[in-house]
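Below: the structure, in structure tokens.
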Amino acid sequence: MAAKNSTRDTVEDSSAAVPAARPASAGELPVRPGEDPWTPEEVAEARQGLAEDAQRLRAEIAASEDSLAGLMRDSGDGAGDDEADTGSKNITREHELALAANAREMLYQTEKALDRLATGTYGTCEVCGKPIGKARMQAFPRATLCVEDKQRQERRL
Numbered sequence: 060m061a062a063k064n065s066t067r068d069t070v071e072d073s074s075a076a077v078p079a080a081r082p083a084s085a086g087e088l089p090v091r092p093g094e095d096p097w098t099p100e101e102v103a104e105a106r107q108g109l110a111e112d113a114q115r116l117r118a119e120i121a122a123s124e125d126s127l128a129g130l131m132r133d134s135g136d137g138a139g140d141d142e143a144d145t146g147s148k149n150i151t152r153e154h155e156l157a158l159a160a161n162a163r164e165m166l167y168q169t170e171k172a173l174d175r176l177a178t179g180t181y182g183t184c185e186v187c188g189k190p191i192g193k194a195r196m197q198a199f200p201r202a203t204l205c206v207e208d209k210q211r212q213e214r215r216l
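Numbering (my numbering), first residue to last: 60 to 216.
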């Protein structure tokens, strides 16, 4: 049994809520019984796919914000608009707001998945701590719950 050599290690351990970021190796990611372990290529593919999604979502958010800025700028006048014009502008604005909010949520989930990949917790259920399953993670790379806990969550809603 080894003791810690310095108080600095203790301070760093207690102040960090998340383990220090380090690339997860393929053998460290959890899999369900009967599944093949993650290969380095599969881990790299998951990381690249998530990074590309994050980049795409950032571009979508920027485009939505530009569109919203234009809609807000154009909606100030309103002179000569009838009720249908005003309603149409409101619906368009609400639609853009919903798209931007959805893209922000997806970006948050994507960045969270990238963080979990970096810390080696990718593929671990946030509720029970069991493996989510390699096949589920490949199908839905942002998954944070195993199938059983996701089903329980959906039944409660």
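Where a beta carbon is used, it is the ideal one built from N, C-alpha and C, also for glycine. It should be emphasised that the depicted structure is a prediction, and the values quoted were computed from it without experimental measurement.
Enclosing alpha helix (DSSP H) for residue i [first to last residue]
i, result
"residue 208", "206 to 215"
"residue 159", "142 to 178"
C-beta atoms of residue i and residue j nearer than 8 Å
i, j, result
"residue 119", "residue 162", "yes"
"residue 208", "residue 187", "yes"
"residue 179", "residue 193", "no"
"residue 169", "residue 88", "no"
"residue 200", "residue 172", "yes"
Which residues DSSP lists as bridging residue i, in chain order
i, result
"residue 183", "190"
Evaluate contact between the region 98 to 112 and the region 138 to 156, counting only Cβ atoms and requiring at least three cross-stretch pairs below 8 Å. no
Segments assigned alpha helix (DSSP H), at least 4 residues, entirely inside the region 87 to 136: 99 to 134
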